[in-house]
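First up is the structure itself, then whatever we jot down about it.
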Amino acid sequence: MALTEAVKEAIWLRGLLKELSMELNRVTINCDNQGAIHLSRNHVFHERTKHINVRYHFIREVLEAKTIEVLKVGTEHNVADALTKVVSGHKLQHCLELLSVDIG
């Protein structure tokens with residue numbers, strides 16, 4: 322579900338930038354959920370995924386238009402972990418470096 326929201330936000334931001342005369346070739350969304358990535362790329366039917374198929378059909382259409390791409394981000398490079406999970410000092414420092422944040 323989060324992937325669907327991210328795709329909708331990316332489409333909105335592309336539209337905003339286009340109105341400001343700034344074109345983007347392709348937006349890249351990093352996702353750490355392999356199941357969501359597989360559902361968005363493959364036409365897989367499963368009884369447990371029936372209720373979310375409509376959302377992933379929408380993402381498939383966007384991916385086929387090649388305006389947005391979804392890439393897998395590994396745990397070691399997922400900067401969102403610092404904001405959503407309890408992380409060690411070393412992991413926090415690594416996430417801050419990935420975000421180009423210098424705390425002195």
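When you read off a place in the sequence shown, starting at 1, and then add 321, the result is the number in this note's numbering. Backbone N, C-alpha and C define an ideal beta-carbon position, used for all residues, glycine too. Remember, predicted model here, so these are calculated numbers, not experimental data.
Once the 5 residues before and after residue i are set aside, which same chain residues still bring their CB inside 8 Å of it?
i, result
"residue 390", "347, 348, 349, 350, 384"
"residue 402", "396, 408, 412, 416"
"residue 331", "348, 350, 389"
Quick one: is residue i buried, meaning 16 or more other Cβ sit within 10 Å of its Cβ, or exposed?
i, result
"residue 357", "buried"
"residue 338", "exposed"
"residue 422", "exposed"
"residue 380", "buried"
"residue 324", "buried"
"residue 342", "exposed"
"residue 404", "exposed"
"residue 392", "exposed"
"residue 334", "exposed"
"residue 345", "exposed"
Excluding the 5 residues flanking residue i on each side, which residues of the same chain have their C-beta closer than 7 Å to its C-beta?
i, result
"residue 400", "416, 419, 420"
Using only CA atoms, which one of the options lies nearest to residue i?
i, options, result
"residue 386", "323, 322, 328", "328"
"residue 382", "362, 398, 345", "362"
Can you name the residues that DSSP bridges to residue i?
i, result
"residue 349", "390"
- Item | Stretch-stretch touch, CB-based, cutoff 8 Å, three pairs: the stretch 350-364 with the stretch 409-422 | Pairwise C-beta distances place the stretch 350-364 out of contact with the stretch 409-422, as fewer than three of them are shorter than 8 Å.
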